[in-house]
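Please read the structure below before turning to the comments.
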Amino acid sequence: MPWCEDCSKYWTPSAMKADGTCPTCGRDVDAAAVRTQEVVDDETSPWHFKLLVVALVLYLGWRVVDLFI
Ligand SMILES: [Zn+2]
């Protein structure tokens, strides 16, 4: 989804101008969307984050079981 940083707004491809710029401020929205994607790709989940997620799931599962005991 194209994101305009200046307007803080997502644009659908059909809502943008034909040249891929923001209809409100004229910023090149496509370039910003590509840059955001690169940032996301650089982030790798550290092992302790995965461990935290697993622990959270186990904890919530135990809480649900505890309700019915
Ligand atoms: Zn804009």
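Each residue of the sequence shown is one higher than the one before, counting from 16 in our numbering.
From the three backbone atoms N, C-alpha and C, an ideal C-beta is built for every residue, glycine too.
The structure displayed is predicted, hence computed values, not measured ones.
query: Just to confirm, does R42 get its C-beta within under 7 Å of one of the non-hydrogen atoms of ligand 1?
result: Yes, ligand 1 has a heavy atom inside 7 Å of this Cβ.
- request: Apply the 10 Å Cβ neighbour rule to C37 and answer buried if 16 or more other Cβ atoms are within range, or exposed otherwise.
  value: buried
- prompt: What separation, rounded to the nearest whole angstrom, lies between the Cα atoms of F83 and Y74?
  reply: 15 Å
message: Rounded to whole angstroms, what is the Cα-Cα separation between W59 and A70?
response: The sequence as given places Thr at residue 59; Trp does not occur at that position. Computed Cα separation, rounded: 19 Å.
task: Look at the alpha carbon of A47 and the alpha carbon of M16, and state the distance between them as a whole number of angstroms.
output: Any reading at A47 is ruled out, since the residue's pLDDT is 48, under 50, leaving its predicted position unreliable.
- request: Classify W26 as helix, strand or coil using the three-state DSSP reduction.
  value: When DSSP states are grouped into helix, strand and coil, W26 belongs to the coil group.
field: Neighbourhood of K65 by C-beta distance below 8 Å, restricted to the same chain and skipping five residues each side
entry: Its chain contains no residue whose beta carbon lies nearer than 8 Å to that of K65 once the 5 sequence neighbours on both sides are disregarded.
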